[in-house]
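Below is one structure, written out as structure tokens; comments come after it.
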Amino acid sequence: MRSVEAAGLGVGDGHPPRIMGVCNVSPESPYDPSVFADPGPAAAYVEEELLAEGADIIDVGLESANKRFETLTAAEELGRLDTAIEIVESVSRPAVFSIETRYGEVADAALSRGFDMVNDVCGFADPAMPAVCAEYDAAVVKMASPPDLDRPGAIESVEGIYDALAGGALTEKTIVDPAFGGWSAGKSTAIDRETFERLREFRGLNRPLLVSINRKNFLKEVADRSTEDALPVSLAATSMAVARGAHVIRTHDVAETRDAALVGATFGRDRVSQESGVDRELRIEELDVEGSLDAKRHLDRIGAEADPEAAVVRVVGIAGLRAEGRDRLAELVASTGATLAAGADAGSQGRKRERSIEEGNALESGERVLLFGTIASLRRVVAAIGKQQGTNGTDDELSAVAAGLRAVID
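Heads up: the sequence shown runs through residues 7 to 416, numbered per this note's numbering.
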């Protein structure tokens with residue numbers, strides 16, 4: 007996984023989760039506590055609240071990206087830039103400052119006057135943006151969007167979101183953002199839920215990942231909460247997002263989000279990465295793959311032709327098989343590449359089984375086995391069972407096994 011340095015701040019695997027606090031100089035922005043017209047109070051908010059509570063990056067917005075408002079022109083954004091610059095110059099605590107803009111011209115002006123990085127909500131719809139950021143060696147967030155400066159985030163499928171982030175020019179310091187939120191009339195909460203469920207796939211882009219999920223509708227509806235009461239669900243999702251590979255969390259609730267992100271980082275999966283001591287060009291990295299779609303993204307990135315289902319292992323417990331069903335399943339599994347492991351019939355496990363039978367647990371009266379293998383090999387088990395239907399007296403049991411396996415792998 008590629009890491010990015012933003013004004014000396016490391017972002018990516020091997021670094022703590024980074025918290026991006028929000029300050030807006032856009033009066034039309036929806037979250038009042040973060041909106042300022044005067045740079046003095048804005049700088050105090052940044053210093054005494056956002057940075058004091060643990061923000062690493064401060065994202066300054068010049069306009070609301072809400073679809074209800076007319077898009078500002080580059081000239082109109084530049085008219086608000088002086089206020090943003092005064093905020094940067096008035097803050098004494100160390101921080102990385104990000105300018106949120108869709109225009110390369112505005113990014114150029116901001117980077118030349120003290121900003122450290124860019125948050126592009128239109129995903130490089132302005133073709134000048136990558137070159138501007140590369141010229142300043144600045145990190146830039148690319149949010150998934152169509153190539154239209156008036157329609158940020160207006161992509162309505164997970165595949166479309168991924169393709170938008172993967173396509174076009176990327177700088178060496180690009181961070182990707184899958185654009186959670188109701189950016190267009192057709193962008194439903196169901197799409198956001200699916201994007202969140204499939205978040206690991208975006209690691210296939212080999213870029214640090216930013217998510218902005220604070221108090222978003224797809225989380226509020228899970229617990230039927232208003233925006234004001236949606237902090238708990240946001241924090242739960244933050245821990246999950248970091249565990250699934252997110253590197254930057256954009257939020258208005260810095261202190262609480264920081265803690266939730268640290269929990270996710272501490273108890274999430276360790277991602278092993280090692281460089282050879284002999285040759286610095288040799289790097290060994292364990293990829294974060296839990297499903298075949300995750301594997302496919304990594305295969306696509308390197309242009310490899312291979313079965314992604316061969317990269318993912320599943321372990322399935324089967325209880326209640328009769329001995330003849332177990333034996334027949336073992337015969338079928340033998341040629342598939344999967345493994346069938348049966349438990350002991352005696353000893354303490356056997357005595358526990360006998361007690362369960364006496365207590366009326368009918369399922370325990372049969373065999374307990376574990377079946378494990380790649381998704382591809384388990385699919386071969388299902389096919390082998392299908393070919394044997396009607397050839398012996400264990401059809402019902404094996405049909406049930408096949409149905410259960412299909413539920414696991416499909």
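Think of the CB as a built atom: it goes at the ideal place given N, C-alpha and C, for glycine as much as any other residue.
C-alpha distance - residue i paired with residue j, whole-angstrom precision
i: isoleucine 381; j: arginine 412; result: 10 Å
i: aspartate 294; j: phenylalanine 75; result: 39 Å
i: alanine 145; j: aspartate 235; result: 33 Å
i: valine 217; j: valine 147; result: 10 Å
i: glycine 274; j: alanine 81; result: 44 Å
i: threonine 233; j: serine 190; result: 19 Å
i: glycine 331; j: valine 319; result: 24 Å
i: leucine 15; j: glutamate 403; result: 58 Å
i: proline 136; j: alanine 113; result: 10 Å
i: arginine 24; j: lysine 302; result: 28 Å
i: serine 9; j: isoleucine 64; result: 19 Å
i: glycine 120; j: valine 182; result: 23 Å
i: leucine 369; j: alanine 325; result: Residue confidence is low: leucine 369 scores 40 on pLDDT, short of 50, so the model does not pin down where it sits. Its coordinate-derived value is still stated next. C-alpha separation (whole angstroms): 6 Å.
i: threonine 89; j: serine 151; result: 27 Å
i: alanine 134; j: tyrosine 109; result: 8 Å
i: serine 104; j: serine 405; result: 57 Å
i: alanine 310; j: glutamate 165; result: 19 Å
i: glutamate 11; j: glycine 410; result: 47 Å
i: leucine 155; j: valine 127; result: 9 Å
i: aspartate 276; j: leucine 384; result: 27 Å
i: glycine 187; j: arginine 157; result: 13 Å
i: isoleucine 308; j: phenylalanine 208; result: 14 Å
i: aspartate 401; j: leucine 305; result: 38 Å
Beta-bridge pairing of residue i - partner residues as DSSP gives them
i: leucine 377; result: Val322 and Leu346
i: threonine 195; result: None, per the DSSP bridge assignment.
i: glycine 27; result: Ile64 and Thr257
i: valine 10; result: Val17
i: asparagine 125; result: Glu106 and Val147
i: threonine 180; result: Val146
i: leucine 215; result: Val182
i: valine 41; result: Asn30
Buried/exposed call for residue i, threshold 16 Cβ in 10 Å
i: alanine 116; result: buried
i: phenylalanine 130; result: buried
i: serine 163; result: exposed
i: valine 388; result: buried
i: glycine 210; result: buried
i: glycine 366; result: Caution applies to glycine 366, whose pLDDT of 35 falls short of 50 and renders its modelled position unreliable; the value that the coordinates give is listed next. It is exposed - the Cβ of glycine 366 has fewer than 16 other Cβ atoms within 10 Å.
i: lysine 222; result: buried
i: glycine 20; result: exposed
i: alanine 340; result: exposed
i: serine 118; result: exposed
i: tyrosine 79; result: Looking at the sequence provided, one finds threonine at residue 79 rather than tyrosine. It counts as exposed.
i: glycine 392; result: exposed
i: glycine 67; result: buried
i: aspartate 416; result: exposed
i: proline 184; result: buried
i: glutamine 264; result: Note on residue identity: the sequence assigns arginine, not glutamine, to residue 264. Buried.
i: alanine 101; result: buried
i: valine 414; result: exposed
i: alanine 347; result: exposed
i: aspartate 169; result: exposed
i: glycine 323; result: exposed
i: isoleucine 167; result: buried
i: arginine 289; result: exposed
i: lysine 358; result: Residue confidence for lysine 358 is low, a pLDDT of 43 falling below 50, so the modelled location carries little weight; the figure read from the coordinates is stated next. Under this definition lysine 358 is an exposed residue.
i: aspartate 143; result: exposed
i: alanine 418; result: Given a span of 7 to 416 for the chain in the structure shown, any question on residue 418 remains unanswerable.
i: alanine 408; result: buried
i: alanine 175; result: exposed
Short Cβ contact (9 Å threshold) for residue i with residue j
i: leucine 225; j: valine 239; result: yes
i: aspartate 259; j: leucine 241; result: yes
i: threonine 180; j: arginine 213; result: yes
i: alanine 419; j: proline 45; result: The question about residue 419 has no answer, for the chain in this structure spans 7 to 416.
i: glutamate 69; j: serine 98; result: no
i: isoleucine 255; j: isoleucine 219; result: yes
i: glycine 27; j: leucine 57; result: yes
i: leucine 84; j: glutamate 111; result: yes
i: isoleucine 93; j: phenylalanine 42; result: yes
i: leucine 338; j: glutamine 394; result: yes
i: serine 96; j: alanine 49; result: yes
i: threonine 342; j: alanine 266; result: no
i: leucine 237; j: glutamate 203; result: no
For residue j and residue i, believed in contact at Cβ under 8 Å, the rounded distance
i: alanine 344; j: glycine 297; result: Actually they are not in contact, since the Cβ atoms of alanine 344 and glycine 297 sit about 18 Å apart, beyond 8 Å.
i: alanine 13; j: aspartate 122; result: 4 Å
i: alanine 172; j: lysine 193; result: About 19 Å separates the two Cβ atoms, so there is no contact after all.
i: glutamate 291; j: methionine 7; result: 7 Å
i: valine 321; j: leucine 376; result: 6 Å
i: arginine 206; j: aspartate 300; result: 5 Å
i: threonine 201; j: glutamate 227; result: Actually they are not in contact, since the Cβ atoms of threonine 201 and glutamate 227 sit about 15 Å apart, beyond 8 Å.
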